[in-house]
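Per the working numbering, residue 914 is the first one in the sequence shown, and the count goes up by one each step.
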Amino acid sequence: MAEQVDPPALDEVVTFTSDLIRIDTTNRGGGDCRERPAAEYAAARLADAGIEPVLLERTQGRTNVVARIEGTDPSAHALLLHGHLDVVPAAAADWSVHPFSGEIRDGVVWGRGAVDMKNMDAMILAVVRGWARQGVRPRRDIVIAFTADEEASAEDGSGFLADEHPELFEGCTEGVSESGAFTFHDGGGRQIYPIAAGERGTAWLKLTARGRAGHGSMVNRDNAVTHLAGAIARIGAHEWPLRLTPTVRAALTELAALYGIETGLTDVDALLEKLGPAAKLVEPTLRNSANPTMLDAGYKINVIPGEAVAHVDGRYMPGGEEEFRSTLDRLTGPDVDWEFHHREVALESPVDSPTFAGMRAAVEEFAPEGHVVPFCMSGGTDAKQFSRLGITGYGFTPLKLPDGYDYAAMFHGVDERVPVEALHFGVRVLDRFLRTA
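What follows is the structure in structure tokens.
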């Protein structure tokens, strides 16, 4: 099929990615972030193309942008296209370039947000502005949402939009956002493009142990630190049982077929061993998980505190929350209480839907040497909050990446960057998918 994308869009996606990186939207948690300058930038690019944006805030400075492009088929369900504007912190001293420079060097755009996920924000802007210049209208309504606060609780972003402004998403049944359709090189010459059709649930936990405070020199069998340490050690050492969801089963089945493996799903460990590096695409989503991440106890070395606190990053598979809860009850024991510091649902999306087929076809057209497979994300996205509105979510941020480029390491990592050619590929694929979605 002949090139359809508007040529200026290929230049714009690079410019927009760089410009958005230069707008520091670091989210340090606890409300310490200001997305408004990036939201105003995105809104201005939409308005220039004749697309009317709405700016919305729950908290001053924590700005979201929502706009709708009317489709040609009023009977078709609308599609949500969303990306977040905030980024995680970056220490400039650790980077080869300043993380908020947006520097373009040797065909690569550098900076915090280059992959997570100002690149996708830029792709969305470039595609819809190209449509405006060409007079293109999609088949179904496209609702665009640029959100705040995804890197924390989403309370000021997608959660706020879903709870307080559901009317803006009327008719949306499916959504597309980050972390999918990127090139995974398996080390043996194969290029795999995983498209996300599920997410593990988020279970950030606060553990509290209480005991008898006292002098550090005295015998104390009711030591809060000891109680907490025991619980943390048990959680860290726990081996979670295998839990295969439909998405993970589909991923393993397609990967096994790609590699000509006949082991089947009766021995998953043997299958993973035969998959080699490609096993990384499914290993994080075979089980629930719980990783201790923070400890806080005491105020003086010779004082036994009466309370000790820890935090755990827990994730549970679709259908695995009950198992997660009961296991935490057992591992923490009678001397440690636990509660959700932040909780969000697990997601499962059909891989046999027309939308998934459309994403697969768009990738395969521009990467015919690639092999598209479904996968489940180990982490979470704004799709969790939008699911409250009955919106099924997929991860689809297409990028054609060179061998040796560690995509996973770019997320929240040092020297985050994205190749210009990857952005061009993303615009072409996203444009093709959205025209007929």
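Heads up, the beta-carbon is just placed ideally off N, CA and C, and yes, glycines get one too.
With 16 other Cβ atoms within 10 Å as the buried cut-off, status of residue i
i: E1196; result: exposed
i: D1344; result: buried
i: I1217; result: buried
i: H1337; result: buried
i: Q973; result: exposed
i: S1071; result: buried
i: S1090; result: buried
i: A1116; result: buried
i: Y1212; result: exposed
i: T1305; result: buried
i: M1030; result: buried
i: N1204; result: exposed
i: A1110; result: buried
i: F1253; result: exposed
i: P1247; result: exposed
i: E1386; result: With the chain represented from 914 up to 1350, any question about residue 1386 goes unanswered, as that position is not in the structure.
i: V1132; result: exposed
N-terminal and C-terminal residue of the beta strand (DSSP E) that residue i is part of
i: I1037; result: From DSSP, I1037 is part of no beta strand (DSSP E) but of the alpha helix (DSSP H) over K1031 to Q1047.
i: S1090; result: C1085 to S1090
i: L993; result: A991 to H997
i: Q1104; result: Q1104 to E1112
i: F1059; result: I1055 to T1060
Residue j beta carbon less than 8 Å from that of residue i
i: L993; j: V1041; result: no
i: A1144; j: T1310; result: no
i: I934; j: R1018; result: no
i: A922; j: G1088; result: no
i: K1313; j: T985; result: no
i: D1250; j: T1121; result: yes
i: T1206; j: V1225; result: yes
i: E1167; j: M1290; result: no
i: L1194; j: Y1172; result: no
i: N977; j: A1035; result: no
i: S1202; j: L1260; result: no
i: A1039; j: V1340; result: yes
i: A991; j: D1069; result: no
i: G1271; j: T1349; result: yes
i: V927; j: R1330; result: no
i: V1276; j: V1181; result: no
i: P1154; j: R1103; result: no
i: H995; j: A1065; result: no
i: L1178; j: L1157; result: yes
i: T938; j: A951; result: yes
i: E1257; j: G1149; result: no
i: R1123; j: A1142; result: no
i: T1294; j: S1092; result: yes
Cross-strand partners of residue i (DSSP beta bridge)
i: H1128; result: V1216
i: D1226; result: W1117 and N1204
i: P1159; result: DSSP output for P1159 lists no bridge partner at all.
i: E970; result: T976
i: T939; result: V1000
i: L1312; result: F1095
i: G1173; result: According to DSSP, which records beta bridges pairwise, G1173 is partnered with nothing at all.
i: R1330; result: W1023
i: Y1307; result: V1089
i: M1290; result: E1112
Enclosing alpha helix (DSSP H) for residue i [first to last residue]
i: I1145; result: A1137 to A1150
i: D1180; result: Careful: D1180 lies outside any alpha helix (DSSP H) and carries neither H nor E.
i: H1337; result: V1333 to T1349
i: Y1318; result: Unbroken run through Y1318: none, as it is neither H nor E.
i: G1072; result: S1071 to E1077
i: E1068; result: It is not in any alpha helix (DSSP H) - E1068 carries neither H nor E in the DSSP assignment.
i: T1245; result: E1234 to T1245
Where residue i falls: helix, strand or coil (DSSP)
i: A1280; result: coil
i: V1258; result: coil
i: I964; result: coil
i: Y954; result: helix
i: F1013; result: coil
i: V927; result: helix
i: R1123; result: strand
i: E948; result: coil
i: R1018; result: strand
i: R1301; result: helix
i: R1134; result: coil
i: P920; result: helix
i: E1252; result: strand
i: D932; result: helix
i: R981; result: strand
i: D1265; result: coil
i: D1295; result: coil
i: D1007; result: helix
Contact with chain D by residue i, beta-carbon distance below 8 Å
i: D1226; result: The structure shown contains no chain D; it holds only a single protein chain.
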